[in-house]
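Notes follow the structure.
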Amino acid sequence: MRSGPAISSRLRLAPRSARCSVASPGCAACRNCWPSSVRLSRRVVRWNSRTPRCDSSCASAWLAACGVIACAAAACRRAALAHGDAVVATARNAADVAKRFGELPALLGVSLDVTDEAQAARAVEAAIARFGRIDVLVNNAGFGLLGAVEEATADEVRKLYETNVFGLLNVTRAVLPSMRARRSGHVLNLSSLGGHQSGPGFGLYCSTKFAVEGINQALHKELAPLGIHVTAVEPGYFRTEFLEGNSLTVSPTLIADYEGTSGQVRVAARSISLNQPGDPEKLAQAVIRLVESPKPPMRLPLGTDTLQVIRDHIDLLQRETAQWQTLSASTDFAAA
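Just so we're aligned: the sequence shown equals residues 418 to 753 in the numbering used here.
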């Protein structure tokens with residue numbers, strides 16, 4: 418699943434006296450020009466299509482890198498549209514967006530393969546040309562790789578990292594200059610419970626989420642002084658098609674010695690698929706609430722399973738640190 422971003426622009430109209438009167442889609446004053454009909458909360462505000470108004474209040478534009486048919490991504494798009502946001506949805510083929518969601522005034526489809534840096538730049542340009550700005554970037558393009566670490570080929574691992582890590586970086590680098598220029602924005606990096614704890618069968622996939630967590634933590638500290646929020650969203654198992662063929666690559670190599678570990682995970686994945694405890698619609702609503710928060714966290718776990726994984730991880734760290742603290746503390750130079 419390498420397709421890219423969805424942009425949703427939440428419009429908050431300024432008082433009439435504060436609105437920009439420039440009737441040009443290329444308004445340089447605030448770069449926030451909108452299509453002739455966009456849904457605002459429970460109201461529909463219509464402007465003459467020949468004179469799109471440039472609104473000077475702080476609207477939000479979401480760019481969410483994800484597959485057009487991914488269940489959680491689709492739920493987020495629906496939630497954003499229902500919330501009164503305009504959405505630019507990306508896919509490998511932009512026409513798939515209209516096929517899935519229909520022709521809507523507040524929806525724009527853009528073609529994007531996140532592994533293509535030039536395409537990422539063009540997608541961002543198209544988003545800004547249409548909506549004037551990007552306030553929220555959701556990096557959610559990615560896929561899974563199932564198999565023991567030794568079973569995966571170098572090519573399989575490279576493809577995994579090209580999408581899950583380098584794809585995220587491509588889109589982020591394309592978006593950040595406009596956010597820095599405005600000194601505002603919110604970057605949401607989709608991680609996972611696998612960003613806290615790895616395990617048999619999903620070790621390489623989890624390693625990409627460990628990378629996302631490291632990138633997220635650095636970005637959080639680098640961008641905070643510039644007024645830009647950064648949050649790692651960490652879902653557990655949600656009832657999506659992630660464990661199905663399009664979103665999960667299963668390494669064809671099988672090594673008998675791993676049958677009791679990663680081999681059992683291969684079997685379990687088939688039984689768990691489409692029976693996961695997490696509700697994608699509730700995930701979407703949680704993301705909306707996160708973006709509305711004036712002080713969002715650096716990490717947001719979603720799902721009781723993720724919370725339990727975090728608790729178990731903290732417990733393991735505390736126990737091992739206590740058990741080995743004497744040896745751990747023995748490596749400094751002697752105090753002068």
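No residue lacks a Cβ here, since even glycine has one placed at the ideal position from N, Cα and C.
The Cβ-Cβ distance between Val629 and Val582 falls below 8 angstroms.
Of the residues Trp479, Lys516, Val682 and Ala739, the one whose Cα lies closest to the Cα of Asp502 is Trp479. Taking C-beta atoms as the reference points, Arg656 and Val667 fail to come closer than 8 angstroms. If you look at Arg716, you'll find it in the beta strand (DSSP E) that goes Arg716 to Leu719. Secondary structure at Ile645: strand, using DSSP grouped into helix, strand and coil. The beta-carbon separation of Asn606 and Asn633, rounded to 5 angstroms, stays under the 8 angstroms limit for a contact. Contact annotation: the stretch 715-734 touches the stretch 608-626, with at least three C-beta pairs closer than 8 angstroms.
Taking every protein chain shown into account, the CB of Leu733 has fewer than 16 other CB atoms within 10 angstroms, so this residue is exposed.
When the beta-carbon positions are compared, Ile672 and Glu567 come within less than 8 angstroms of each other. Measuring C-alpha to C-alpha distances from Thr580 to each of Phe560, Val555, Gly602 and Thr589 identifies Phe560 as the nearest. The beta strand (DSSP E) runs of length 3 or more contained entirely in the stretch 497-524 are, from start to end of the chain, 502-508.
Put simply, the stretch 530-549 touches the stretch 503-513. At least three CB pairs are less than 8 angstroms apart. For Asn663, the closest C-alpha among the options Leu562, Thr748, Leu700 and Ala537 is that of Leu562. The alpha helix (DSSP H) runs lying completely inside the stretch 683-747 and spanning 4 residues or more are 697-709 and 721-745, given in chain order.
The DSSP assignment places no complete alpha helix (DSSP H) segment of no fewer than 4 residues inside the stretch 597-638. At least 8 angstroms separates the beta-carbon of Leu719 from that of Pro617. Just measuring C-alpha positions, the residue of Asp674, Lys699 and Ala591 sitting nearest Ala540 is Ala591. At the C-beta level, Ser688 and Glu661 stay beyond 8 angstroms of one another. A straight line joining the alpha-carbon of Leu636 with that of Val647 spans about 7 angstroms. Membership of Leu562 in the beta strand (DSSP E) is indicated by the continuous run Gly561 to Leu563. Nearest in C-alpha terms to Ile551, of all of Leu643, Pro594 and Tyr654, is Pro594. For Leu525, the CB contacts under 6 angstroms within the same chain, skipping 5 residues up- and downstream, are Val505 and Arg547 in chain order. For Leu577, there is no enclosing beta strand (DSSP E); the enclosing alpha helix (DSSP H) has its first and last residue at Ala571 to Tyr578.
Ser710 and Val527 have their C-alpha atoms some 28 angstroms from each other. Here Gly564 really is in contact with Thr670; their C-beta atoms are around 7 angstroms apart, less than 8 angstroms. Checking the DSSP bridge columns, you'll see Pro652 partnered with Leu719.
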